[in-house]
Amino acid sequence: MDFYFGLAQIIGVHTLLGLSAYILLLTGQVSLAQAGFYAIGAYVAGMLTVLGGWHLVPALGASAVCGAAVACAVGFPALRVKGLMLVIATLAFGEGVRLFFFNFDYQIAKGDLKVGPLGGEGFRQIRFFPENGWSTFEVMLFIWVFVAGAMALLWWFDRSRYGTVLRAVGEDELAAQSVGINLTAVKVSAMTVGGAIAGVGGGLYAHYTTHIEHSSFNILVATFAIAYPIVGGLRSVFGTLLAVIFVQGFLIEGLRFLGDWRNLLFGALIVLAMNLRPSGFLGTGRRA
Amino acid sequence: MLELRSLSRHFGGVRAVDGLDLTVQEGQIFGLIGPNGSGKSTTVNVITGLFAPTAGSILFRGQDLAALPTHRRLRAGIARTFQNIRLFGQLSVWQNLWVAQNSAEDQARQGFFTRWLGGQRGVRDEIGPLLEFSGLAHKRDELAANLAFGEQRRLELARALAAKPRLLLLDEPAAGMNSEEIGQLRDRILKLRERGVTILLVEHVMELVMGVTDRIAVLNFGQKIAEGTPAEIQAHPAVRKAYLGGEKA
Amino acid sequence: MLDFLQSLSDGLLFGSTYALIGIGFTLVFGVMHKINMAYAAASIGGAYSGLLVLKVMAAAPPALVFFGAFLGGGVAGALVYVTCFHFIPLRSPLATLMSTVGMLLLIDEIVVHVTNGMPQNYPAMFDDVMLRAGEFTLRGDLLLVFGVAVLCMAALMLLLYRTRLGLATRAVSQQPVAARLCGIRLERVNATTFIITGLLGGIAGALIGASVGTLSPLLTTPLTVKGLIVTVIGGLGSIPGAIVAGLLVGGFENVLQMYRGVTERDLYVMLLLFVFLTFRPGGIFAPRGGRD
Numbered sequence: 013m014d015f016y017f018g019l020a021q022i023i024g025v026h027t028l029l030g031l032s033a034y035i036l037l038l039t040g041q042v043s044l045a046q047a048g049f050y051a052i053g054a055y056v057a058g059m060l061t062v063l064g065g066w067h068l069v070p071a072l073g074a075s076a077v078c079g080a081a082v083a084c085a086v087g088f089p090a091l092r093v094k095g096l097m098l099v100i101a102t103l104a105f106g107e108g109v110r111l112f113f114f115n116f117d118y119q120i121a122k123g124d125l126k127v128g129p130l131g132g133e134g135f136r137q138i139r140f141f142p143e144n145g146w147s148t149f150e151v152m153l154f155i156w157v158f159v160a161g162a163m164a165l166l167w168w169f170d171r172s173r174y175g176t177v178l179r180a181v182g183e184d185e186l187a188a189q190s191v192g193i194n195l196t197a198v199k200v201s202a203m204t205v206g207g208a209i210a211g212v213g214g215g216l217y218a219h220y221t222t223h224i225e226h227s228s229f230n231i232l233v234a235t236f237a238i239a240y241p242i243v244g245g246l247r248s249v250f251g252t253l254l255a256v257i258f259v260q261g262f263l264i265e266g267l268r269f270l271g272d273w274r275n276l277l278f279g280a281l282i283v284l285a286m287n288l289r290p291s292g293f294l295g296t297g298r299r300a
Numbered sequence: 002m003l004e005l006r007s008l009s010r011h012f013g014g015v016r017a018v019d020g021l022d023l024t025v026q027e028g029q030i031f032g033l034i035g036p037n038g039s040g041k042s043t044t045v046n047v048i049t050g051l052f053a054p055t056a057g058s059i060l061f062r063g064q065d066l067a068a069l070p071t072h073r074r075l076r077a078g079i080a081r082t083f084q085n086i087r088l089f090g091q092l093s094v095w096q097n098l099w100v101a102q103n104s105a106e107d108q109a110r111q112g113f114f115t116r117w118l119g120g121q122r123g124v125r126d127e128i129g130p131l132l133e134f135s136g137l138a139h140k141r142d143e144l145a146a147n148l149a150f151g152e153q154r155r156l157e158l159a160r161a162l163a164a165k166p167r168l169l170l171l172d173e174p175a176a177g178m179n180s181e182e183i184g185q186l187r188d189r190i191l192k193l194r195e196r197g198v199t200i201l202l203v204e205h206v207m208e209l210v211m212g213v214t215d216r217i218a219v220l221n222f223g224q225k226i227a228e229g230t231p232a233e234i235q236a237h238p239a240v241r242k243a244y245l246g247g248e249k250a
Numbered sequence: 033m034l035d036f037l038q039s040l041s042d043g044l045l046f047g048s049t050y051a052l053i054g055i056g057f058t059l060v061f062g063v064m065h066k067i068n069m070a071y072a073a074a075s076i077g078g079a080y081s082g083l084l085v086l087k088v089m090a091a092a093p094p095a096l097v098f099f100g101a102f103l104g105g106g107v108a109g110a111l112v113y114v115t116c117f118h119f120i121p122l123r124s125p126l127a128t129l130m131s132t133v134g135m136l137l138l139i140d141e142i143v144v145h146v147t148n149g150m151p152q153n154y155p156a157m158f159d160d161v162m163l164r165a166g167e168f169t170l171r172g173d174l175l176l177v178f179g180v181a182v183l184c185m186a187a188l189m190l191l192l193y194r195t196r197l198g199l200a201t202r203a204v205s206q207q208p209v210a211a212r213l214c215g216i217r218l219e220r221v222n223a224t225t226f227i228i229t230g231l232l233g234g235i236a237g238a239l240i241g242a243s244v245g246t247l248s249p250l251l252t253t254p255l256t257v258k259g260l261i262v263t264v265i266g267g268l269g270s271i272p273g274a275i276v277a278g279l280l281v282g283g284f285e286n287v288l289q290m291y292r293g294v295t296e297r298d299l300y301v302m303l304l305l306f307v308f309l310t311f312r313p314g315g316i317f318a319p320r321g322g323r324d
């Protein structure tokens with residue numbers, strides 16, 4: 013049973029990752045930076061609970077704030093350029109974050125152990141959950157509270173004027189400008205919300221795996237982040253959830269018997285999926 | 002209301018608009034006509050801020066527009082329609098109007114939170130009448146991309162009106178319409194004038210222009226070659242020459 | 033001062049490979065208005081396929097290996113075209129982007145599988161040749177890299193500006209609809225663009241392998257990022273821009289490596305990108321053709 017709880021944890025965290033890309037995708041912006049905000053959230057939350065002795069919940073709050081702040085800062089220069097340039101800029105940013113953590117050392121002594129991030133070695137011993145006696149089931153529930161919260165938030169956006177404006181910007185920027193929509197404000201706000209969600213996701217990830225390192229936040233993760241909403245379609249948040257369940261649940265677990273060949277299959281399957289159904293599982297709800 | 006002073010817009014060597022002087026009084030319906038390529042659409046684009054002028058200035062209600070970006074000009078009271086309709090195809094009719102409610106008045110009326118995160122209920126009183134006016138109430142939830150051509154044109158106009166403009170720039174609204182539709186459009190434009198909207202009408206379809214405008218300016222190669230009442234313009238030899246190449250009408 | 037000049041010149045010479053990669057990205061963007069994320073991976077894949085020559089003929093001269101990489105790159109380019117651009121409707125930009133990312137992952141994994149994750153030695157030419165001017169040296173192999181790269185760029189320019197195919201390519205990049213109306217077969221131009229950039233990429237990959245001495249799949253991601261940075265700094269769609277930017281990034285990166293070490297070096301390259309994005313988002317040369 014624990015195995016399924018563990019899988020549900022992974023699905024939950026990846027859904028947060030996907031949702032952070034979803035909101036930006038509504039505005040027509042493809043961002044490969046979400047893994048970067050995810051990484052920042054992970055290290056911030058980890059450091060606060062391990063080095064600062066914080067409880068996890070405020071640590072996650074800090075993750076959200078840090079993710080949001082960095083996203084906002086990155087958004088301003090990056091979103092002033094056209095769509096494809098954004099892909100490149102966010103890719104570069106994501107890789108930059110990964111390289112930063114590859115070089116990042118900050119350790120303190122706790123008893124006779126040294127704890128904290130250690131460059132290429134990574135950040136081990138993020139043991140908030142085990143130290144406080146959380147069971148796998150409880151961790152899973154905890155994660156899903158946040159997932160449900162994020163989905164509810166985005167679903168609410170979708171039904172409000174904000175969500176409609178996001179989609180209008182994604183549809184036709186020129187027309188949106190001409191009816192009075194401030195493009196930069198809208199795009200940066202979406203990026204900020206996405207950064208916050210990714211930050212929380214990263215913080216949760218750090219704590220259920222207990223060990224993070226720079227390679228956990230590479231281009232593959234950045235790809236997963238946007239793949240989920242693209243494959244799931246942009247009509248609703250549930251598409252992203254379905255896509256995560258499909259990829260993580262069915263593909264990764266179901267094809268475990270393939271062993272090493274599994275990695276080969278990811279790329280091939282993405283290519284196949286895009287050829288067969290360019291508009292995603294649930295369709296776009298907007299022009300692809 | 003609107004004053005263009007020596008307005009110029011060049012694209013490399015092409016002088017799309019060249020030293021244009023124009024004044025539109027409040028409450029007027031002003032027509033802007035000219036052969037294809039004479040600079041009419043470019044003029045509209047410069048007024049709304051999509052292009053910056055190469056020279057000259059634009060004054061709207063006494064205020065120089067140079068510093069204002071496009072979305073701010075909308076809030077200042079200038080709205081436009083597009084020649085090739087640019088609706089938000091995957092949004093419904095209602096949603097197209099909803100996202101366009103960006104006038105200064107609307108911003109003051111509702112708080113930030115309600116305006117952005119509130120639901121549809123708060124704006125029913127505002128959008129309902131717009132739907133009635135454009136005859137689209139029965140298609141409220143239809144995707145804009147699924148509307149018939151004439152309905153799309155009406156939605157384009159309604160969306161411009163959603164912003165409660167003082168000045169409305171219509172870019173060839175009658176293109177592709179039949180006589181009956183043109184008549185309906187004419188009536189709608191006149192009703193808008195009754196409500197106090199000033200209109201700059203860029204158009205090719207003479208049936209509409211001559212029948213609804215107070216004053217007309219004629220462009221050719223980016224320059225104004227004539228200005229006057231519809232009757233004066235119809236008789237003007239330079240206009241005849243520009244359109245018809247010098248033949249007798 | 034001498035160290036600085038030495039670093040700079042070595043970096044500039046190596047930067048010619050970045051220029052080739054940048055050209056590949058920028059050419060596809062100019063013609064199809066799309067980014068082929070798999071390009072750098074395909075180039076490295078092409079370079080690896082050059083090594084197949086050594087499997088067949090153990091004492092093959094390096095030039096033959098490079099030629100194998102050249103051809104391998106072309107094949108890889110055609111493959112990416114067919115899987116990512118031929119069937120997917122071009123008005124689904126997200127789908128084509130995702131599928132090129134899929135190909136990037138796939139090619140990477142294939143290389144890892146075939147080589148069991150072990151870095152492979154790559155043959156170099158003239159690596160024992162050193163031209164000296166006092167304390168200042170010019171490595172023979174780097175000079176060759178530079179020379180071959182320049183030759184390729186010249187050949188490409190000849191192709192674009194002196195042949196019918198090149199004319200058709202330029203026409204499509206400026207006005208695709210009008211080009212079709214003039215009878216130009218869009219699919220053929222697109223496919224050929226991919227094959228040509230693939231050939232270029234294969235050479236670039238081989239040159240990189242030759243100057244570094246080994247090839248490893250770990251090269252793929254940094255090369256993709258740097259290649260894209262070069263493309264953006266040079267101006268999306270501008271070939272002269274990609275050339276200048278490639279040399280610039282190569283020189284910049286090497287000088288920074290001298291002062292700050294290898295691990296921090298790449299961070300500074302990213303910073304360079306953001307500086308450009310903030311102050312000159314159009315790149316060094318504004319893109320040609322007023323398409324947007």
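Going line by line, the protein sequences match chains A, B and C. Residues in the first sequence are numbered from 13 upward in steps of one, following my numbering. Residues in the second sequence are numbered from 2 upward in steps of one, following my numbering. Residues in the third sequence are numbered from 33 upward in steps of one, following my numbering. All residues carry an ideal CB built from backbone N, CA and C; glycine is no exception.
Using a Cβ-Cβ cut-off of 7 Å (strictly less than) and excluding sequence neighbours within five positions of A/Gly261, which residues of its own chain qualify? Leu19 and Ile23
Just verifying my parser: in three-state terms, what is the DSSP assignment at C/Asn286? helix
Any chance the segment 214 to 221 of chain B sits against the segment 246 to 258 of chain C, with 3 or more Cβ pairs inside 8 Å? no
Could you give the first and the last residue of the continuous alpha helix (DSSP H) run that contains B/Ser7? From DSSP, B/Ser7 is part of no alpha helix (DSSP H) but of the beta strand (DSSP E) over Leu3 to Phe12.
Could you tell me the boundaries of the alpha helix (DSSP H) in which C/Met162 lies? C/Met162 -> not in any alpha helix (DSSP H); beta strand (DSSP E) instead, spanning Met162 to Ala165.
To the nearest angstrom, report how far apart C/Met302 and C/Leu288 are at their CA atoms. 12 Å
Per-residue contacts from C/Gly134 into chain A (C-beta, under 9 Å): Thr235, Ala239, Phe278, Gly279, Ala280, Leu281, Ile282, Val283, Leu284, Ala285 and Met286
For C/Ala236 and C/Leu111, which I take to be in contact (beta-carbon distance under 8 Å), what is that distance rounded to the nearest angstrom? Rounded, the Cβ-Cβ distance is 17 Å, inconsistent with contact.
Which runs of the alpha helix (DSSP H) fall wholly inside the segment 71 to 99 of chain B and span at least 4 residues, in chain order? 71 to 77 and 94 to 99
Within the continuous alpha helix (DSSP H) that includes C/Gly172, where are the two ends? Gly172 to Arg194
Check the C-beta distance from A/Ala54 over to A/Ile224 and give it rounded, since I have them as a contact under 8 Å. 5 Å
Buried or exposed: which applies to A/Ser32, given that a residue is buried once 16 or more other Cβ atoms fall within 10 Å of its Cβ? buried
Taking the alpha carbon of B/Leu3 as the reference point, which residue from B/Phe52, B/Ala77, B/Gly40 and B/Thr55 has its own alpha carbon closest? B/Ala77
Is DSSP giving C/Gly78 helix, strand or coil here? helix
Between which two residues does the alpha helix (DSSP H) carrying A/Gln21 extend? Asp14 to Leu38
Which residues of the segment 189 to 217 of chain A have a Cβ closer than 8 Å to any Cβ of chain B? Give them in chain order. Gln189, Ser190, Val191, Gly192, Ile193, Asn194 and Leu195
Could you check the C-alpha separation between C/Gly267 and C/Glu219 for me, to the nearest Å? 25 Å
Output, in sequence order along the chain, the residues in the segment 108 to 123 of chain A whose CB is closer than 8 Å to any CB in chain C. Gly108, Leu111, Phe112, Phe114 and Asn115
Grab the span of the alpha helix (DSSP H) containing C/Thr310 for me, first residue to last. Val294 to Phe311
Since I believe A/Lys199 is in contact with A/Thr27 (beta carbons under 8 Å), could you give me their beta-carbon distance rounded to a whole number of angstroms? Contact doesn't hold; Cβ gap of about 23 Å is too wide.
With distance defined between alpha-carbon atoms, name the residue in B/Arg194, B/Leu168 and B/Glu152 nearest to B/Ala175. B/Glu152
Taking 8 Å as the threshold (C-beta atoms), are C/Tyr113 and C/Gly282 in contact? no
Per-residue DSSP class, three states only, for C/Asn148: coil
What's the gap between the Cα of A/Gly87 and the Cα of A/Met203? 6 Å
Are any of the Cβ atoms in chain C nearer than 8 Å to that of A/Leu103? yes
Best match in A/Gly175, A/Ala121 and A/Gly79 for proximity to A/Ala208 [C-alpha to C-alpha]: A/Gly79
Which residues in the same chain as C/Arg212 place their Cβ atom closer than 7 Å to its Cβ, once the five residues preceding and following it in sequence are excluded? Leu218
Cross-chain neighbours of C/Thr295 in chain A, by beta carbon under 8 Å: Leu111, Phe114 and Asn115
Kindly list the residues whose CB is nearer than 7 Å to the CB of B/Ile190, restricted to its own chain and excluding five residues on each side of it in sequence; keep chain order. Ile30, Ile200 and Val213
Less than 8 Å between the beta carbons of A/Val109 and A/Ala71, yes or no? no
Which residue comes first and which comes last in the alpha helix (DSSP H) that contains C/Val27? A question about residue 27 of chain C goes unanswered here, because the residues of chain C that appear run from 33 up to 324.
Might you give, ordered along the chain, the residues of its own chain that have their beta carbon closer than 7 Å to the beta carbon of C/Arg320, omitting 5 neighbours on each side? Residue confidence is low: C/Arg320 scores 45 on pLDDT, short of 50, so the model does not pin down where it sits. Its coordinate-derived value is still stated next. Correct list, in chain order: Gly269 and Ser270.
Would you kindly report the start and end of the unbroken alpha helix (DSSP H) that includes B/Asp188? Ser180 to Glu195
DSSP three-state label for B/Phe31, please. strand
Output the distance between the C-alpha atoms of B/Asp142 and B/Asn103, rounded to the nearest integer angstrom. 21 Å
Just to confirm, is the Cβ distance from C/Ala79 to C/Ala101 under 8 Å? yes
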